[in-house]
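Enquirer: First residue of the sequence shown? That's 3 in my numbering, and the numbers climb one at a time after it.
Mind having a look at this structure? Questions to follow.
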Amino acid sequence: AQLGNQDLFVDAEVDNQTPYVGEQITYTFRFYEAADALFMPSLFMNQPSYSPPALTGFWSEGEVQNESYRIAHNGRIYTVTELRSVLFPQAAGGQIIESAQVTVPGFGFQQGGVLQSEPVRVDVQPLPAGAPADFTGAVGQFELQTELDAQETALDEPILATVTLSGWGNIGTAG
Numbered sequence: 003a004q005l006g007n008q009d010l011f012v013d014a015e016v017d018n019q020t021p022y023v024g025e026q027i028t029y030t031f032r033f034y035e036a037a038d039a040l041f042m043p044s045l046f047m048n049q050p051s052y053s054p055p056a057l058t059g060f061w062s063e064g065e066v067q068n069e070s071y072r073i074a075h076n077g078r079i080y081t082v083t084e085l086r087s088v089l090f091p092q093a094a095g096g097q098i099i100e101s102a103q104v105t106v107p108g109f110g111f112q113q114g115g116v117l118q119s120e121p122v123r124v125d126v127q128p129l130p131a132g133a134p135a136d137f138t139g140a141v142g143q144f145e146l147q148t149e150l151d152a153q154e155t156a157l158d159e160p161i162l163a164t165v166t167l168s169g170w171g172n173i174g175t176a177g
């Protein structure tokens, strides 16, 4: 992020701006609070509230993950709260992840306000031609493992077969 010298600000980005249709990307929203600011919303009962972006054209999977850490910039210390979402683009072409925002409550003589990120453009690539006829759209890295509880058995004795599909990507489309 290009840091200014403000007390509070936000930014947003994706880890891959040119994914294929169905390929997993991570959207990251960051909320910066200067530790030396006169008004630090994280110290008060009314915490800032996050409003996620509209995700038209994307499938979202799982819970929003968050992490907090501190950074130093221009002689100031910032507490950064990162909110990450796993997304899967659903159609080729230019897709826009709309602005996300944080509403900062007012306290005492300080006014509250809304901080809004810039929209994020994602140029989604179509899948390569020549996919097999039974391709279901699963894009990612997957591993299929099989295991039998016995290598030999008597006639009419059952065996247990375990099949495990693991990996990363939109595993729900691997059917």
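Even glycine gets a Cβ: it sits at the ideal position worked out from N, Cα and C.
Are there 16 or more other CB atoms within 10 angstroms of the CB of GLU35, so buried, or fewer, so exposed?
Expert: By 1-based counting over the sequence shown, the position of residue 35 is 33. Buried is the call here.
Enquirer: Going by DSSP in three states, GLY115 sits in which element: helix, strand or coil?
Expert: Translated into the one-based positions of the sequence shown, residue 115 becomes position 113. Three-state result, GLY115: strand.
Enquirer: Once the 5 residues before and after SER51 are set aside, which same chain residues still bring their CB inside 6 angstroms of it?
Expert: As a working mapping, residue 51 is identified with position 49 in the sequence shown. Around SER51: THR105.
Enquirer: How would you write the range of the beta strand (DSSP E) that ASN68 sits in, first residue to last?
Expert: Against the sequence shown, residue 68 aligns to sequence position 66. Here the beta strand (DSSP E) through ASN68 covers 60-75.
Enquirer: Can you find the residues in the same chain that come closer than 7 angstroms, C-beta to C-beta, to PRO121, ignoring five residues on each side of it along the sequence?
Expert: Start at 1 with the first residue of the sequence shown, and residue 121 comes out as number 119. Only ILE98, ILE99, GLU100 and SER101 meet the Cβ criterion.
Enquirer: When DSSP labels each residue in this structure, what does VAL124 get in the three-state scheme?
Expert: Residue numbering aside, residue 124 sits at position 122 when the sequence shown is read from its first letter. The answer is strand: DSSP assigns VAL124 an E or B state.
Enquirer: What residues are listed by DSSP as bridge partners for GLN97?
Expert: The count along the sequence shown starts at 1 and reaches residue 97 at position 95. Its beta-bridge partners are VAL124.
Enquirer: Name, in chain order, the residues that DSSP records as bridge partners for THR28.
Expert: Within the sequence shown, the letter at position 26 stands for residue 28. For THR28, which the question treats as bridged, DSSP gives the partners VAL88.
Enquirer: From the DSSP output, which residues share a beta bridge with LEU129?
Expert: Numbered from its first residue, the sequence shown carries residue 129 at position 127. LEU129 pairs with nothing; no bridge assigned.
Enquirer: Only counting the same chain, and skipping five residues up and downstream in sequence, which positions put a Cβ closer than 8 angstroms to that of ILE79?
Expert: Here residue 79 refers to the residue found at position 77 of the sequence shown. For ILE79, where only same-chain residues beyond five positions count, the Cβ hits under 8 angstroms are ALA36, ALA37, ASP38, ARG72 and ILE73.
Enquirer: What does ALA163 pair with, by DSSP beta-bridge criteria?
Expert: As a first step, residue 163 is located in the sequence shown; it is residue number 161 there, counting from the start. ALA163 pairs with LEU150.
Enquirer: LEU57 and ASN68: beta carbons closer than 7 angstroms?
Expert: Within the sequence shown, numbered from 1, the residue matching residue 57 stands at position 55. Within the sequence shown, numbered from 1, the residue matching residue 68 stands at position 66. Result no, Cβ atoms of LEU57 and ASN68 do not sit closer than 7 angstroms.
Enquirer: Determine the direct distance from the alpha carbon of SER62 to that of ALA135, and round the result to whole angstroms.
Expert: Locating residue 135 in the sequence shown gives position 133, counting from the first residue. Locating residue 62 in the sequence shown gives position 60, counting from the first residue. Taking the straight line from one Cα to the other gives about 27 angstroms.
Enquirer: Tell me whether SER168 is buried or exposed, calling it buried when 16 or more other Cβ atoms sit within 10 Å of its Cβ.
Expert: Locating residue 168 in the sequence shown gives position 166, counting from the first residue. Flag for SER168 reads exposed.
Enquirer: By the three-class DSSP mapping on this structure, what secondary structure does ALA135 have?
Expert: In the sequence shown, residue 135 corresponds to position 133, counting from 1. Looking at ALA135 - three-state DSSP - the assignment turns out to be coil, as it is neither helix nor strand.
Enquirer: ALA36 bridges to which residues according to DSSP?
Expert: Looking up residue 36 in the sequence shown gives position 34. BP columns for ALA36 point to TYR80.
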